[in-house]
Every structure is written in structure tokens, then in C-alpha cells.
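K.L.:
Protein chains in written order, with our numbering: chain X, 1 to 367; chain B, 368 to 712.
#1: Measuring CB atoms only, is the stretch 513-528 of chain B touching the stretch 229-246 of chain X, in the sense that at least three cross pairs come out at less than 8 Å?
#2: Go through the stretch 383-448 of chain B residue by residue and report every complete run of the beta strand (DSSP E) that reaches 3 residues or more, in order.
#3: Following the continuous alpha helix (DSSP H) through residue 645(B), name the residue where it begins and the one where it ends.
#4: Quick one: what's got a C-beta closer than 6 Å to residue 446(B)'s C-beta in the same chain, skipping five residues either side?
#5: Just the chain X side, please: which residues come within less than 9 Å of residue 420(B) by C-beta, in chain order?
#6: When the Cα atoms are used, what is the spatial distance from residue 419(B) to residue 436(B)?
#7: Restricting to Cα atoms, I'd like to know which of 662(B), 656(B), 696(B) is closest to residue 675(B).
#8: State yes or no: is the C-beta of residue 543(B) within less than 8 Å of the C-beta of residue 575(B)?
#9: Quick check: is the beta carbon of residue 369(X) nearer than 8 Å to any beta carbon in chain B?
#10: In the DSSP assignment, the alpha helix (DSSP H) including residue 39(X) goes from what residue to what residue?
#11: If we require 3 or more residues per run, which beta strand (DSSP E) segments fall completely within the stretch 181-252 of chain X?
#12: Output yes if chain X places a C-beta closer than 8 Å to the C-beta of residue 505(B); else output no.
#13: By the 8 Å beta-carbon criterion, what residues does the stretch 632-651 of chain B contribute toward chain X?
#14: Whose C-beta lies closer than 8 Å to the C-beta of residue 62(X) among residues of the same chain, with five residues either side of it excluded?
#15: Taking Cβ positions only, does residue 476(B) come closer than 8 Å to chain X?
#16: For chain X, find out if any of its Cβ atoms is closer than 8 Å to the Cβ of residue 572(B); answer yes or no.
#17: Let me know the secondary structure DSSP gives residue 506(B) once reduced to three states.
#18: So which residues on chain B does residue 372(X) lean against when the C-beta distance must stay under 8 Å?
#19: Short check: CB of residue 300(X) to CB of residue 342(X), under 8 Å?
#20: Quick one: which chain X residues come within Cβ less than 8 Å of residue 462(B)?
#21: Which residues mark the beginning and the end of the beta strand (DSSP E) in which residue 620(B) is found?
#22: What residues in its chain sit with their C-beta under 6 Å from that of residue 693(B), if we drop five residues either side in the sequence?
#23: Spatial neighbours of residue 324(X) within its chain, please: CB distance less than 6 Å, with the 5 preceding and 5 following residues excluded, ordered by chain position.
#24: Here's the rule: buried if 16 or more other CB atoms are within 10 angstroms of the residue's CB, otherwise exposed. What is residue 180(X)?
#25: Distance cutoff 8 Å, beta carbons only. Does residue 120(X) sit that close to anything in chain B?
#26: Under three-state DSSP, which class holds residue 353(X)?
#27: What do you get for residue 529(B), buried or exposed, if any count of 16 or more other CB atoms within 10 angstroms of its CB means buried?
#28: Going by the DSSP bridge assignment, what does residue 601(B) pair with across the sheet?
#29: Given residue 269(X), which residues of its chain have a CB within under 8 Å of its CB, disregarding the five upstream and five downstream residues?
#30: So the candidates are 321(X), 306(X), 119(X); which of them puts its Cα closest to the Cα of residue 280(X)?
#31: Examine chain B for any beta-carbon lying closer than 8 Å to the beta-carbon of residue 215(X), and answer yes or no.
#32: On the CB-based measure, 16 or more other CB atoms within 10 Å of its CB, does residue 410(B) come out buried or exposed?
#33: 8 Å is my cut-off, CB to CB: does residue 136(X) come that close to chain B?
#34: DSSP puts residue 581(B) in a beta bridge; with which residues?
#35: Taking 7 Å as the line, does the beta carbon of residue 192(X) fall inside it for any heavy atom of the ligand PLP?
#36: Could you work out which residues of chain X lie near residue 696(B), taking near to mean beta carbons separated by less than 8 Å?
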């Protein structure tokens with residue numbers, strides 16, 4: 001039934017959709033056995049560096065709550081692993097780091113630094129290839145805030161302490177304008193709400209997709225980690241977003257933003273000017289862009305947690321034309337369960353990180 | 368988490384009555400003679416059994432046990448009880464163990480009621496399948512209990528999120544306490560309570576998050592009254608002396624050990640590093656003890672020579688300031704080069 005509805009919807013949406021649905025199947029082989037995680041868990045992020053090393057940011061270990069003075073602190077639900085090109089485990093990075101709460105994505109910048117994006121702590125941590133901590137953007141909510149207890153939280157009474165640190169639900173219950181700026185745009189700050197992805201330009205600026213919570217914006221920081229600019233707010237118009245799930249930058253500095261709730265990829269120049277949108281590829285979630293010339297874009301139409309519909313991955317030209325598609329949702333090797341991450345440095349080798357199946361598959365596409 | 372707790376409580380209620388019901392056949396059924404040994408008694412060093420929750424055998428007679436330990440674990444033993452291996456060590460799948468089973472192909476299945484997961488392992492321990500999805504921790508956070516309210520409890524020997532400590536020349540101890548009380552507490556050098564002062568507010572003898580505290584060589588006490596954007600000076604008996612209101616919201620304060628002594632106070636940026644706020648905060652002030660401002664250095668930001676939400680400073684040497692920053696996860700050592708006009712010496 002869902003399938004039929006989908007086809008109907010596709011027809012209504014028009015030519016572009018039809019072309020995607022009828023896009024040629026790309027033959028492929030998938031290796032589910034290349035990596036063995038030192039600790040099993042959901043593969044939220046997978047990425048390769050220039051030497052072919054593979055990095056996995058996984059939701060593993062346990063979400064731990066520490067009991068404090070009527071406050072609860074949350075930590076330890078994510079680990080970052082490095083493997084060599086053959087899949088041999090090399091090392092763990094960032095063990096016990098304050099910002100590792102709920103793995104969301106990992107990306108490698110042009111200098112092979114490793115960026116872990118965490119949607120639980122709202123923190124992005126940057127590590128050198130040797131594992132040293134280089135930078136942090138974003139701040140973790142001090143405690144798990146939420147239901148007002150018998151009394152009002154002190155800082156609500158204390159309205160003069162405007163600079164007091166925020167308590168924030170890691171669940172992203174804040175940052176949504178709150179009387180400042182456009183609704184759901186966030187403030188000009190590193191107060192993120194479930195950030196999902198990060199990209200880089202040649203000048204070393206850092207673009208952060210923010211995110212799946214109450215902010216719907218792109219936030220840009222310079223190489224020192226200071227605010228440069230931002231754009232976007234909640235909505236469905238041009239330059240508006242509904243749950244940004246992924247983002248990549250092309251060689252010219254254009255940004256491709258997986259605007260999942262609006263079922264489209266929006267394309268912006270590096271200043272945030274809207275250029276175009278790509279539709280007809282389902283609900284874009286994980287994105288990657290090749291280092292080849294010309295560049296290609298891959299976009300996953302991941303299944304949701306309660307169905308095995310969809311799951312295919314599209315290959316696109318940068319102008320949005322669908323070149324082909326491969327895969328479907330499922331659990332066995334070669335199928336994709338809740339894809340959350342793609343890496344495609346080489347055009348025909350795609351790493352696929354799966355939440356459902358706790359694995360990263362190395363997919364080889366056949367011409 | 369909350370949900371799991373409720374499920375646990377409900378489980379107890381449901382299970383408890385049958386557990387204590389006496390069997391009808393108990394009095395009329397003959398007893399079967401039997402022997403028994405404790406099977407699992409050869410754990411390797413550093414591995415321990417917890418509550419034994421599930422047990423199963425495979426076709427070779429090996430025995431699998433799932434246990435609620437510090438973290439739930441699945442162990443394999445040979446038929447003689449010798450430890451063979453552990454399945455899925457450190458995995459995401461063990462929140463609160465419930466069962467282990469072995470299928471016809473000798474694959475090992477664990478059932479976990481804490482993570483809501485059924486896992487299938489090959490006999491060699493390789494993970495073959497994940498059924499179910501552990502609820503995302505970030506979706507559970509909103510179900511957690513709320514944060515601490517202001518207490519005003521003012522108890523002699525317990526604190527409410529205390530923030531800082533200092534000492535006078537006699538060794539008396541002064542604690543700023545804190546986020547959810549709002550007072551200064553004085554103890555003698557042996558830790559015996561002497562007195563306390565302060566409630567929440569912005570009036571005299573009130574604080575709004577007393578966030579830092581420092582004493583001078585005369586035993587006067589300087590309090591960083593952050594929420595009220597002022598430094599409050601108290602005498603050694605905690606009586607109000609004066610207030611300095613020109614140096615922003617002080618997060619960290621510090622008094623140098625030089626002669627003369629100087630007072631440093633940080634006008635820290637907020638921890639969101641919000642642009643509008645950061646543009647007008649972030650610097651650190653140098654003052655005379657009488658409150659006269661001598662100079663300032665730094666600004667908000669993340670580059671070197673910028674400060675990203677300064678939390679605490681050390682100024683033992685008045686020209687060598689260590690700066691602890693919240694948002695940049697770093698400590699900077701700032702070396703001051705005071706000019707003759709700003710040094711006042």
C-alpha cells in the first residue's frame with residue numbers, strides 16, 4: 001500500500017520524480033565484513049581520509065547518567081574508531097571525551113583532521129590525525145534539564161543572570177529563536193540543536209548543519225572557531241529547512257543540504273544564496289560527494305525505523321540529474337538499514353554507515 | 368530510563384504474586400533424588416558473574432550464560448565450566464539482560480529488555496543480526512528528572528552546587544555556595560562552621576550566583592557576584608564593605624600574591640558564544656584592591672589571545688595569568704607587559 005501511495009505521489013510530483021524512480025539500477029557488490037568494530041553499535045558515521053583509513057563514529061557503550069545535586073549528567077554513548085585501508089583496527093580516538101554522547105556523523109577535512117559531530121552534546125570535536133584534540137565548536141548542556149521540579153529552576157527566577165550557562169535538553173529543546181531572530185533559526189552562536197553534519201571550504205571555514213532539533217540553519221565558523229555567518233530557519237520555502245540530515249560542499253564551495261522534512265536537497269553558494277533544489281529522490285538523509293572530476297553526489301533515501309520501504313541510494317550529477325540508483329532497505333549484507341552516513345572519495349567506492357545493522361559496508365559500483 | 372524503571376516496577380508487581388504461590392501438587396508429589404554442582408566457578412581474573420539471567424547449551428554441550436553484571440554480559444563455558452569467551456563485549460546491546468538462547472545452527476541469541484534488542488551471534492562471536500532498535504538516548508533525555516531549584520537551605524555542613532573556595536592568612540576557609548544556595552560560608556582552618564551570610568537577590572547581603580571568591584592579605588573577602596554583575600567586598604566577618612560594578616559579570620576573580628596586590632576579574636562571554644554578547648564581553652580586568660580599574664586585556668573568541676567563556680583565572684604572579692576557558696576546552700597562559708601608565712608601580 002505504501003509503495004502504491006509512493007508511486008502515486010511520485011506521479012503527482014512530476015517528471016523529475018519519475019526520472020528518479022525509473023533511474024537505471026547500478027550493479028554493485030557490498031562487503032559487510034571489512035571492518036569489525038572493537039565494540040558493536042550503531043554506525044552513525046563513516047568516513048575515509050586521504051590515505052584510505054576508515055573512521056567510524058558509533059553509538060556504542062552505554063548512555064550513562066551520573067547523579068548529582070538534584071541534577072543528572074549524561075555521557076558516554078559514543079566512540080570513534082580508526083581502521084587502516086584493509087580494515088584492520090588502528091586506534092580509538094577521543095576516549096571518554098566530554099562531547100561524545102550520541103554519535104551523529106564523522107567527516108574528514110582537507111588536512112585529514114577528523115571531525116566528530118555529536119547530536120547529544122551538541123558539540124563538534126576536531127582531532128588531528130594522531131588523535132590530538134584540536135578544536136571544539138558548540139557547548140554541551142551542563143545537565144539533562146527538563147521537567148520543572150517542585151520549585152522553579154534557579155536560573156528562571158534569576159533573570160538578571162543573563163550570562164549564566166544554559167541548561168539545555170540534549171534533546172534539543174532550545175535554541176529556537178526564543179524571541180531573538182527568526183523562528184527556528186537559532187541565535188548567532190554555537191548553541192546548536194542536534195547538529196548533523198559538517199563541511200569545509202578552501203579558506204578553512206567550517207559549515208555546520210544545525211540540524212534535526214529546533215534550529216534549522218547552516219552556521220559558519222572560521223578556522224579559529226569564531227562565528228562568521230549563518231542562514232536558514234524553519235519552514236519549507238527557499239532557504240528554509242525542516243530537519244537537516246546531511247550536507248556536503250563541492251569543489252566550488254557550493255553547499256548541498258539534505259532538507260529531509262521537505263524531501264529535497266537545497267543548493268547554496270558559500271555565502272548562503274539559494275541556487276537550486278533537487279527533488280524526486282525520496283527523503284535525502286546521508287550525502288557524500290566524490291573527489292573525482294566531474295564530481296558526483298550520492299544521496300540516501302533511508303528507510304525509517306519502522307519500515308523496510310525505500311533504502312535506495314541515488315547517484316546524481318551536481319546539476320541534480322539522476323544518474324542511477326542502487327540498493328534497498330534490509331538487514332542482510334548488500335541491503336541497507338537506516339543509512340545515516342555515506343563516504344565516496346572515489347566515484348565507484350561508497351562506504352555506507354547503517355544504524356539498524358551496526359555496520360559499515362564498502363560498496364563497489366559496477367559500470 | 369524512566370520508562371525502563373517503570374517497566375521494572377511493573378514487572379515486579381506482576382511477577383511477585385505467582386513466585387510465592389504454593390503449588391497444589393507440592394504435598395502429593397514424590398521427590399526425585401538428585402545431585403548438583405556449582406557450574407560457573409572458574410571465571411578468569413577480572414571477570415565476574417552477576418545475576419544469572421539466562422542459560423543455554425549448544426550442540427557441543429558448551430554452556431552460554433547471560434548475566435546482569437556492572438554491564439550485562441554473555442559468557443561461553445565448555446561443558447566442564449571452563450571459561451571460553453565473551454560475546455559482544457562493550458556492545459550497545461546490553462542494557463538489562465533477559466535471556467540467551469542457541470539456535471539449531473549453534474548461533475547464540477541474546478535478549479535484552481533494557482536496550483530492547485535481540486542480537487544474533489555466530490558461534491565464533493561475530494555479530495550476525497540486530498533485531499530491534501535501542502531507543503535513542505537523546506529521545507530519552509526529556510523524560511529525565513528536572514534540575515535543582517534554588518534552595519536557600521543555608522545548612523552549616525552541606526552545600527548546594529558550591530562554586531569556589533579561598534583562605535585568609537589565618538587559614539580560615541571561605542566557600543562561595545553557589546548556584547542553588549546563594550551565600551558565603553566561613554569555617555575555621557579545621558573545618559568547623561563559623562558563620563554564613565547571603566540569600567538570593569540583588570540587594571545588600573544578597574547574591575545571584577556567587578561564582579568565585581578570593582581573599583586579600585588583610586583577610587577581606589572578594590566575591591564574584593556574577594548574576595548581579597558586581598564584585599562584592601566583605602570583611603573577614605562577612606560584613607559588607609563595598610561593591611565594584613564597573614567590570615561586567617565576573618565569572619572568575621583572583622588576587623595576586625604580589626606587593627601591592629592586584630585584583631583580576633573576568634567579564635566572560637556567555638557559553639553560547641553568541642555574537643552580540645561576545646562583541647561586548649570576554650576581556651579580563653586588572654584592578655587595585657580599592658576597585659580602581661588599571662587596565663584590561665583580551666576579548667571573546669576562540670583564537671589565541673581570545674577567551675572563549677573564561678571560567679577561572681590564576682594570578683599568583685600578577686603578570687602571568689592562567690586562563691581556563693569553557694568553550695575552547697583549553698588553558699592559556701597570558702603574559703602581561705604592563706606599560707608604566709597601567710602598572711601604577
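All C-beta atoms in this analysis are idealised placements derived from N, C-alpha and C, irrespective of residue type, glycine included.
P.N.:
To lay it out plainly:
#1: Between the stretch 513-528 of chain B and the stretch 229-246 of chain X there are fewer than three inter-stretch CB-CB distances shorter than 8 Å, so the stretches are not counted as touching.
#2: Fully enclosed beta strand (DSSP E) runs of 3 or longer: 418-424, 430-435, 440-444.
#3: Residue mapping note: residue 645(B) aligns to position 278 of the second chain, counting from 1. Where residue 645(B) is concerned, the enclosing alpha helix (DSSP H) stretches over 642-645.
#4: Taking the second chain and counting its residues from 1, one reaches residue 446(B) at position 79. 428.
#5: Here residue 420(B) refers to the residue found at position 53 of the second chain. Here the premise fails: no neighbours, minimum Cβ distance about 17 Å.
#6: Taking the first residue of the second chain as 1, we reach residue 419(B) at position 52. Taking the first residue of the second chain as 1, we reach residue 436(B) at position 69. Their Cα atoms are separated by approximately 9 Å.
#7: Here residue 675(B) refers to the residue found at position 308 of the second chain. The residue with the shortest Cα to Cα distance from residue 675(B) is 696(B).
#8: By 1-based counting over the second chain, the position of residue 543(B) is 176. By 1-based counting over the second chain, the position of residue 575(B) is 208. Taking 8 Å as the cut-off, the Cβ atoms of residue 543(B) and residue 575(B) do not count as close.
#9: Residue 369(X) cannot be examined here, being either before or after the span of chain X that is shown, 1 to 367.
#10: By 1-based counting over the first chain, the position of residue 39(X) is 39. Looking at the DSSP string, residue 39(X) is not in any alpha helix (DSSP H), and its letter there is neither H nor E.
#11: You should have 195-200, 206-210, 217-221, 227-231, 244-249.
#12: What you label residue 505(B) is simply residue 138 of the second chain in a count that begins at 1. Yes, residue 505(B) lies at the interface with chain X (some Cβ there is under 8 Å from its Cβ).
#13: Taking 8 Å as the Cβ-Cβ cut-off against chain X, the residues of the stretch 632-651 of chain B that qualify are 635, 636, 637, 638, 639, 640, 641, 642, 643, 644, 645, 648.
#14: Here residue 62(X) is taken as the residue at index 62 of the first chain, counted from 1. These residues qualify, in order along the chain: 76, 77.
#15: Start at 1 with the first residue of the second chain, and residue 476(B) comes out as number 109. Chain X, which has no Cβ nearer than 8 Å to the Cβ of residue 476(B), makes this no.
#16: To locate residue 572(B), count along the second chain from 1; it is residue 205. So, not an interface residue.
#17: Here residue 506(B) refers to the residue found at position 139 when the second chain is read from its first residue. In the structure shown, residue 506(B) falls within a helical segment according to DSSP collapsed to helix, strand and coil.
#18: Because chain X is modelled from 1 through 367, residue 372(X) falls outside the range shown and cannot be assessed.
#19: Indexing the first chain from 1 puts residue 300(X) at position 300. Indexing the first chain from 1 puts residue 342(X) at position 342. Yes. Within cutoff.
#20: Along the second chain, one-based indexing puts residue 462(B) at 95. Per Cβ cutoff of 8 Å: 62.
#21: Start at 1 with the first residue of the second chain, and residue 620(B) comes out as number 253. Per DSSP, residue 620(B) belongs to the beta strand (DSSP E) from 617-622.
#22: By one-based count along the second chain, residue 693(B) stands at place 326. Correct list, in chain order: 638, 676, 678.
#23: In the first chain, counting from the first residue as 1, residue 324(X) sits at position 324. Excluding five sequence positions before and after residue 324(X), the CB atoms of its chain that fall closer than 6 Å to its own CB belong to 23, 24, 26, 315, given in chain order.
#24: Position 180 of the first chain, counted from the first residue, corresponds to residue 180(X). For residue 180(X), the predicted model reports a pLDDT of 49, less than 50, meaning its position is unreliable; a value from the coordinates is still stated below. With fewer than 16 Cβ atoms within 10 Å of its Cβ, residue 180(X) is classed as exposed.
#25: Here the question's residue 120(X) lines up with position 120 in the first chain. Yes, residue 120(X) counts as interfacial toward chain B.
#26: Stepping through the first chain from its first residue, residue 353(X) is reached at position 353. Secondary structure of residue 353(X) (DSSP, three-state): strand.
#27: Reading the second chain from its first residue, position 162 is the one you call residue 529(B). Taking all protein chains in view, the Cβ of residue 529(B) is crowded by 16 or more other Cβ atoms within 10 Å, so the residue is classified as buried.
#28: Here residue 601(B) is taken as the residue at index 234 of the second chain, counted from 1. DSSP lists 588(B), 607(B) as partners of residue 601(B).
#29: For the purposes of this step, residue 269(X) is identified with residue 269 of the first chain, where counting begins at 1. Answer for residue 269(X): 253, 254, 255, 275, listed in chain order.
#30: For this step, residue 280(X) is matched to residue 280 along the first chain. Among 321(X), 306(X), 119(X), the Cα nearest to that of residue 280(X) belongs to 321(X).
#31: Counting from one through the first chain, the residue named residue 215(X) turns up at place 215. Chain B contact via Cβ: absent.
#32: In the second chain, the residue the question calls residue 410(B) occupies position 43. Residue environment: residue 410(B) is assigned as exposed (fewer than 16 neighbouring CB atoms within 10 Å of its CB, all protein chains considered).
#33: Along the first chain, one-based indexing puts residue 136(X) at 136. For residue 136(X), the nearest CB of chain B lies under 8 Å from its own CB, placing it at the interface with that chain.
#34: Against the second chain, residue 581(B) aligns to sequence position 214. Note: residue 581(B) sits in a beta bridge opposite 589(B).
#35: Among the ligands in the structure shown, none appear at all, so the ligand PLP cannot be discussed.
#36: Here residue 696(B) is taken as the residue at index 329 of the second chain, counted from 1. Residue 696(B) reaches chain X at 98, 133, 136, counting residues in chain order whose Cβ is nearer than 8 Å.
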